[in-house]
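Residue numbering for the sequence shown is 816 to 1125, as defined by this note's numbering.
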Amino acid sequence: MPAVLFHSLNESPVEWGAALKERIPDLDFRVWPDVGDPKDIEFALLWALPPGSLVSMSNLRCICSLGQGVDHVFLDPDLPPGAKIMRLVDPWMARAMSEWMLLNILRFHRQGLEYQELERQRLWKVLPAPETSERRVGVLGLGALGGDTASKVAALGFDVAGWSRTRKLIGSVESFHGEDQLEAFLNRTDILCCLLPLTPDTAGIIHVDTLAALPKGAFVINAGRGQHVVDEDLLAALDSGHIAGAALDVFHQEPLPPEHPFWAHPKVQVWPHVSAQSNADSAAAQVTDAIVKVFAGLDPNNLVDRERQY
Ligand code: NAP
Ligand code: GLV
């Protein structure tokens, strides 16, 4: 039987190996850097493998991201041209992401930052109650994660819109699409949630002009990738008061370096890339299905477009 190669920074090879072997008992599961003969590897399940590491695997037929994002795969300029690229699309992760988005949306909506400051000053002060139906939430990216978040936020009564490449029909969620409609989407968004994939088209999308297109007092929540945000532009918008607060789960450099201004900024909450973690218990079945298909010469589900890079 051909072999599966595993590499991760955070995920346990023991846990993943056990979960896959429970379903394919004779699986030849190899953990980087113990590759053995590279020609044995037909399926690679990985996260952030050092670029150039796959080049000797001449029989590699499928690279499966150990997460929903695949930007880490495309960092390798030497991807074997014949290998298909796929990713996890896990409802467990969508639920986790929507929970995290809701946590931050509700905190901003219910004046959590203002009450935190009043608490710090030991001030008992009542602010006017916010109106849910008047709070405009905007989700950048309406895919597996953004679509779930948008529909759950809409179910709570918020005024929700989303922006994607192609038009979407998700219940009451207003659909904006394409570059031409980005500004109109931003103009009507009080709480911006980024769930885009990182591609050449989306890198740096949250910058001085897009931030300026948001209404004064808007909030920014990012769980896409750190590279979606131009950090200096967000910091300047926070300091000027144009942006009232930010919740960030992803960063240009992870772990976020101790000297980065986000850590100490009173309007920023830093999370260590935990909004939707990969989960062997929930995702092993779909990875097993992919391995079985690839070893049988078939295409797996959840393939990624190499051109679009997502
Ligand atoms: P997905 O299903 O591929 O959805 C991507 C969405 O972004 C789609 O709606 C797509 O539009 C839209 N999009 C892509 N490029 C665009 C562009 N140039 N202009 C407008 N819209 C564009 O991805 P997903 O599974 O929801 O995941 C999204 C991202 O979340 C991942 O790539 C990853 O970076 C991040 N993530 C973070 C965590 C975390 O823990 N922080 C966990 C998982 C994932 P179309 O549908 O019209 O093509
Ligand atoms: C995590 O960031 C993922 O892409 O799954």
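Built from N, CA and C at the ideal position, the CB exists for glycine as well.
Predicted, not measured: the structure shown is a model, and the values here were computed from it.
- In the structure shown, Ser1055 falls within a helical segment according to DSSP collapsed to helix, strand and coil.
- Taking each of Leu864, Asp893, Ser1093, Glu949 in turn and checking the Cα distance to Ser873, the smallest one comes out for Asp893.
- As DSSP reads the structure, Ser871 sits in no beta bridge.
- Three or more beta-carbon pairs separated by less than 8 Å link the region 1004-1023 to the region 953-971, which places the two stretches in contact.
- The beta carbon of Gly867 is closer than 6 Å to those of Asp893 in its chain, skipping five residues each way along the sequence.
- Within 7 Å of the C-beta of Ala1091 there is at least one heavy atom belonging to the ligand GLV.
- Judged by DSSP secondary structure, Lys836 falls within the alpha helix (DSSP H) whose first and last residues are 828-838.
- With 16 or more other Cβ atoms from the protein chains shown falling within 10 Å of its own Cβ, Leu820 counts as buried.
- The DSSP assignment places complete beta strand (DSSP E) segments of no fewer than 3 residues inside the region 1060-1107 at 1083-1085, in order along the chain.
- Membership of Asn1002 in the alpha helix (DSSP H) is indicated by the continuous run 997-1002.
- Judged by the Cβ position, Ala965 fails to qualify as a neighbour of the ligand NAP at the 7 Å threshold, every heavy atom of the ligand being at least this far.
- Contact between the region 1040-1047 and the region 914-933 is not established, with fewer than three Cβ pairs separated by less than 8 Å.
- When DSSP reads this structure, Leu820 sits in a beta bridge with Arg845, Ala859.
- Annotated as distal: Asp1024 and Arg951, with beta-carbon spacing of 8 Å or more.
- For Ala976, the enclosing beta strand (DSSP E) covers residues 974-979.
- Take the alpha-carbon of Pro865 and the one of Asp1114: they are about 25 Å apart.
- A Cβ-Cβ distance of about 17 Å is found for the pair Phe844 and Lys854, leaving them out of contact under the 8 Å criterion.
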